[in-house]
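The structure appears right after this line, and notes come after that.
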Amino acid sequence: MATAALNWGDLPTNEKKLFPLRKRTGTAAFHLSKDAVDFGAEDLEKLTEKQAVLLMAETVWGSTKEMSCPHCATFDAHYFYSRELRWKCKCCDKKFSVTSKTVFADRKLSLVKILKIAYSWANGASGKPALQLRRDWNVGYPTVFTLVHKLREGLLRGFNVGVLCGVQEMDGMDVNGRRYREKRNKPQGGGGAAKPKIPEHLLKPRVDPETGEILGPPKPPKFGKAARQPEDRRILLVMRQRGVAKGKGAVATRIAVAKTESAKTVTAMAQQYASAESVICSDEDPAYGSFWRLFSEHKSVAHSKTYSGPNGANNNQAESFNWRMRRAVEGIYLNPSNKYLKDYAAEQAWREDTRRLSTSKKLRHLFRTVMSVGLSDFWRGYSHGKHREEELLIEGAVPAKGRGRPKGWKPRPPR
Ligand SMILES: [Zn+2]
């Protein structure tokens, strides 16, 4: 017996859509296409150390024959010693390798291993934990930890630079010091939650212990917003340039970390990364109030009322970055310290901006950027106790709070 085939078109449809569907950007289709993966782990497996060195030379110098000497900057066809895998400068007679005077200088890992670890790190959509890399590639944790942080440093100093122009979207998100402190070491469901207290302002007035003077009721916490903010809270500011191709999303991202989202910090960031001719889109935060004077145009969107205002007034690309950052911070890196928050944000900015590059192009872009910044400022000598001491805020560098043992700590004497 033949039954009439039921057509999807015959099914009753709800004509009125409940919310505006997001436009498709084609990124998902790209990731499933052949073009996305043109290079794999197997290709790296075949590489000999010499091939890796020549591949890297081609990547950072654009040639395996002619390059500029990292010691004296002479550009020439320097002598190649294929057994040492190094070159000798025709001018200053000093020898150099492809990683001399870069963040990978004095490396102990082979270049093939660095490539493998970096390849695997670069392919994570929102990041890849150092512990997982350690398990995957059987290297020591300190080794892989400093290696990926050197990649982040390269991106922070080599990628998060330069002025954007056109239409930029700006936003801030709070990171750290907000939820995880309250939730740490407590079972879910409030088993260990503190008992509700009588609010302080409902208690009897405070009295000065010396003079006996009544100081009045404590200020209700509701009105002291700054006092309620945890000290560790940071604002991650992001600025993203909209692409010219419509519907393809943002094309360039810059990040900064601040203690507060105030007129001073957002203006400092915008003036660092946006040209005067820029059009800036932001939310209704009063911190952006003076932008109409500083840039050619300022559009703001009231998120409480609408998803996107007229004439493209929205900062949804910036919100999209925040979402990716949130996933990385809470799901992959498990609350990085404030000291290195900017490094992690620079990594996410790079991941977001290279999302439509194929695996080989992404790896090449990573090494070109990272190896352009010179020696590592933050990680050189890390294993010998030379650590970066400051937190890089847009307000200026401040001494970072250490997570380790306090200064002057001594082990307890044996009993
Ligand atoms: Zn030289």
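When we follow numbering that gives the first Met the number 0, the leftmost residue of the sequence shown carries the number 0, and every step to the right adds one.
For every residue, glycine included, the Cβ atom is placed at its ideal position computed from N, Cα and C.
message: Could you pull the DSSP bridge partners for Leu-163 from this structure?
response: Counting from 1 along the sequence shown, the entry for residue 163 is found at position 164. Leu-163 is bridged to Ala-273.
query: Among all residues, which have a Cβ less than 7 Å from at least one non-hydrogen atom of ligand 1, and in what chain order do they fall?
result: Cys-68, His-70, Cys-71, Thr-73, Cys-88, Cys-90, Cys-91, Lys-93
DSSP beta-bridge partners of Ala-396: Stepping through the sequence shown from its first residue, residue 396 is reached at position 397. Paired residue(s): Leu-391.
task: Can you check the region 337-370 for any alpha helix (DSSP H) of at least 4 residues that lies completely inside it and give the ranges in chain order?
output: Annotation: the region 337-370 contains the following complete segments of the alpha helix (DSSP H) (minimum length 4 residues), in chain order: 340-352, 358-369.
message: Within 8 Å of any Cβ in chain B, is that where the Cβ of Leu-43 sits?
response: No chain B is present in this structure, which holds just one protein chain.
field: Start-end ranges of the alpha helix (DSSP H) lying completely within the region 248-306, minimum 4 residues
entry: 262-272, 290-293
message: Let me confirm a value: Trp-378 is counted as buried when at least 16 other C-beta atoms fall within 10 Å, else exposed. Which label applies?
response: Your numbering for residue 378 matches position 379 in the sequence shown. Buried: at least 16 other Cβ atoms inside 10 Å.
- request: Confirm, please, whether the CB-CB distance from Asn-337 to Glu-296 is below 8 Å.
  value: Against the sequence shown, residue 296 aligns to sequence position 297. Against the sequence shown, residue 337 aligns to sequence position 338. For Glu-296 and Asn-337, no; Cβs fall outside 8 Å.
message: Please return the same chain residues whose Cβ sits closer than 6 Å to the Cβ of Ile-393, not counting the five positions on each side in sequence.
response: For the purposes of this step, residue 393 is taken as the residue at position 394 of the sequence shown. Contacts found: Ala-255, Ala-257, Thr-264, Ala-267, Met-268.
query: Under the DSSP definition of a beta bridge, which residues are partnered with Phe-79?
result: One-based indexing of the sequence shown puts residue 79 at position 80. Looking at the DSSP assignment, Phe-79 forms a beta bridge with Trp-86.
For Leu-114, the nearest candidate out of Arg-323, Asp-231, Lys-49, Trp-349 (CA to CA): The residue you call residue 114 lines up with position 115 of the sequence shown. Here the closest residue by C-alpha is Lys-49.
Pick from His-70, Val-147, Arg-106, Asn-313 that is closest to Asp-92, judged by C-alpha positions: As a first step, residue 92 must be located in the sequence shown, where it is residue number 93. Of His-70, Val-147, Arg-106, Asn-313, the residue nearest in Cα terms is His-70.
- prompt: So which of Tyr-140, Gly-384, Val-328, Gln-316 has the shortest CA-CA distance to Asp-352?
  reply: Within the sequence shown, the letter at position 353 stands for residue 352. Of Tyr-140, Gly-384, Val-328, Gln-316, the residue nearest in Cα terms is Gln-316.
Counted within 10 angstroms of its Cβ, other Cβ atoms place Glu-152 as buried (16 or more) or exposed: In the sequence shown, the residue the question calls residue 152 occupies position 153. With 16 or more Cβ atoms within 10 Å of its Cβ, Glu-152 is classed as buried.
- request: Indicate the three-state DSSP secondary structure (helix, strand or coil) for Val-237 in the structure shown.
  value: Your numbering for residue 237 matches position 238 in the sequence shown. Strand at Val-237.
- request: Using the DSSP secondary-structure output, state which residues sit across from Val-52 in a beta bridge.
  value: Position 53 of the sequence shown, counting from 1, holds the residue named residue 52. Its beta-bridge partners do not exist; DSSP assigns none.
- prompt: How many angstroms separate the CA atom of Asn-310 from the CA atom of Val-147?
  reply: If you number the sequence shown from 1, residue 310 lands on position 311. If you number the sequence shown from 1, residue 147 lands on position 148. Distance between the alpha carbons of Asn-310 and Val-147: 41 Å.
field: Cβ neighbours of Arg-106 in the same chain (closer than 7 Å, five flanking residues each side left out)
entry: Along the sequence shown, one-based indexing puts residue 106 at 107. Correct list, in chain order: Thr-98, Ile-113.
message: If contact is defined by three or more beta carbon pairs under 8 Å, each pair taking one atom from either stretch, is the region 123-143 in contact with the region 318-335?
response: yes
- prompt: According to DSSP, is Arg-379 helix, strand or coil?
  reply: Within the sequence shown, numbered from 1, the residue matching residue 379 stands at position 380. Coil at Arg-379, not helix or strand.
query: In or out: Gly-189 buried (at least 16 other Cβ within 10 Å) or exposed?
result: One-based indexing of the sequence shown puts residue 189 at position 190. Confidence in Gly-189 is poor, its pLDDT being 48 and thus under 50, which makes the residue's placement unreliable; the coordinate value appears in the next sentence. Exposed, since its Cβ has fewer than 16 Cβ neighbours within 10 Å.
field: Classification of Lys-203 by the beta-carbon crowding that lies within 10 angstroms, buried from 16 upward
entry: Numbered from its first residue, the sequence shown carries residue 203 at position 204. Lys-203 should be labelled exposed.
task: Measure the C-alpha to C-alpha separation of Gln-131 and Leu-154 and round it to an integer number of angstroms.
output: Walking along the sequence shown from the start, residue 131 turns up at place 132. Walking along the sequence shown from the start, residue 154 turns up at place 155. Distance between the alpha carbons of Gln-131 and Leu-154 is about 21 Å.
- request: State the CB to CB distance for the pair Leu-163 and Ser-277, rounded to an integer number of angstroms; the pair is presumed to be in contact (CB under 8 Å).
  value: The count along the sequence shown starts at 1 and reaches residue 163 at position 164. The count along the sequence shown starts at 1 and reaches residue 277 at position 278. Going by Cβ atoms, the distance from Leu-163 to Ser-277 rounds to 7 Å, so yes, they are a contact pair.
query: Sorted by chain position, which residues of the same chain lie with C-beta nearer than 7 Å to Asn-321's C-beta, five sequence neighbours on each side aside?
result: Walking along the sequence shown from the start, residue 321 turns up at place 322. Cβ within range, chain order: Asp-170, Met-172, Val-237.
task: Measure the alpha-carbon distance for Asp-380 versus Lys-149 and round it to whole angstroms.
output: Position 381 of the sequence shown, counting from 1, holds the residue named residue 380. Position 150 of the sequence shown, counting from 1, holds the residue named residue 149. What sits at residue 380 in the sequence shown is Gly, not Asp. Taking the straight line joining both Cα atoms gives about 12 Å.
message: As a quick exercise: from Val-143, Phe-366, Ser-382, pick the residue whose alpha carbon is nearest that of Phe-158.
response: Position 159 of the sequence shown, counting from 1, holds the residue named residue 158. Checking every option, the nearest Cα to that of Phe-158 belongs to Phe-366.
Nearest-angstrom beta carbon gap, Ala-312 and Ala-286 [assumed within contact, 8 Å]: Here residue 286 is taken as the residue at index 287 of the sequence shown, counted from 1. Here residue 312 is taken as the residue at index 313 of the sequence shown, counted from 1. Not a contact, Cβ separation roughly 17 Å.
field: CA-to-CA distance, Arg-232 to Arg-210, given in whole angstroms
entry: In the sequence shown, the residue the question calls residue 210 occupies position 211. In the sequence shown, the residue the question calls residue 232 occupies position 233. In the sequence on display, residue 210 carries Thr and not Arg. So the alpha carbons of these two residues sit roughly 37 Å apart.
Three-state secondary structure assigned by DSSP to Arg-205: Residue numbering aside, residue 205 sits at position 206 when the sequence shown is read from its first letter. Arg-205 falls in the strand class under three-state DSSP.
Residue environment, Tyr-343, which counts as buried when at least 16 other CB atoms sit within 10 Å: Here the question's residue 343 lines up with position 344 in the sequence shown. Tyr-343 should be labelled buried.
message: With the cut-off set at 8 Å, would you say Trp-121 and Leu-362 are in Cβ contact?
response: Your numbering for residue 121 matches position 122 in the sequence shown. Your numbering for residue 362 matches position 363 in the sequence shown. The sequence as given places Ala at residue 121; Trp does not occur at that position. A contact, by the Cβ cut-off of 8 Å.
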